[in-house]
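Worksheet: the structure to be examined is printed underneath.
In my numbering, the protein residues as written are 5 to 151.
Shown next as structure tokens:
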């Protein structure tokens, strides 16, 4: 069974609503780009609840239990711990314009060549086939006619 994981910035926000939820990273990314965000990844946040928070967060967590993205545990002291799995999102950073001084420096300096191809692919990755010489005692059944 695949679970729906909500899109949120934090685990507490994931408990607030499952309006935007996705099963796969591709679905999550599709939902995210509409709002101008991108997916950082699938994260699990562990929330240790205080006794005062249990009454507030229990109804919210109940919806998460049925969807499968919230699990309830107890720690050694007997406090309730919620494991909330959600798609962590972040705003898309707009590339800042580089100052003209940096552009002038990069234009003066030649680009450093990448030598990784030379190191790793100088020779082929497979060994050349070596043909065995035919045994002189073996009879040739398919001899070409002498012309």
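The beta-carbon is built from N, C-alpha and C at its ideal position, and this holds for glycine as well.
Notebook entry, point to check: If you draw a straight line from the alpha carbon of residue 48 to that of residue 92, how long is it in whole angstroms?
Noted result: 9 Å
Notebook entry, point to check: How far does the beta strand (DSSP E) with residue 45 in it reach, from first residue to last?
Noted result: 41-52
Notebook entry, point to check: Are there 16 or more other CB atoms within 10 angstroms of the CB of residue 74, so buried, or fewer, so exposed?
Noted result: buried
Next item on the list: Give me the Cα-Cα distance between residue 141 and residue 135, rounded to the nearest whole angstrom.
Entry: 17 Å
Checklist line | Sub-7 Å separation of residue 51 and residue 15 beta-carbons | finding: yes
Next item on the list: Identify, in the order they occur along the chain, each residue of the same chain with its Cβ nearer than 8 Å to the Cβ of residue 8, setting aside the five sequence neighbours on each side.
Entry: 22, 25, 26, 27, 71, 72, 73
Next item on the list: Use the C-beta contact count for residue 1: other C-beta atoms within 10 angstroms, 16 or more gives buried, fewer gives exposed.
Entry: Coverage of the chain is limited to positions 5 through 151, which leaves residue 1 absent and any answer about it impossible.
Margin query: At the level of alpha carbons, what is the spacing between residue 67 and residue 88?
Written below: 12 Å
Next item on the list: Starting from residue 187, trace the alpha helix (DSSP H) both ways and give me its first and last residue.
Entry: It is not possible to answer for residue 187, since the shown part of the chain is limited to 5 through 151.
Margin query: Between the alpha carbons of residue 85 and residue 19, how many angstroms are there, rounded?
Written below: 14 Å
Item checked: Assigned secondary structure, residue 33 (DSSP; H/G/I helix, E/B strand, else coil) -> helix
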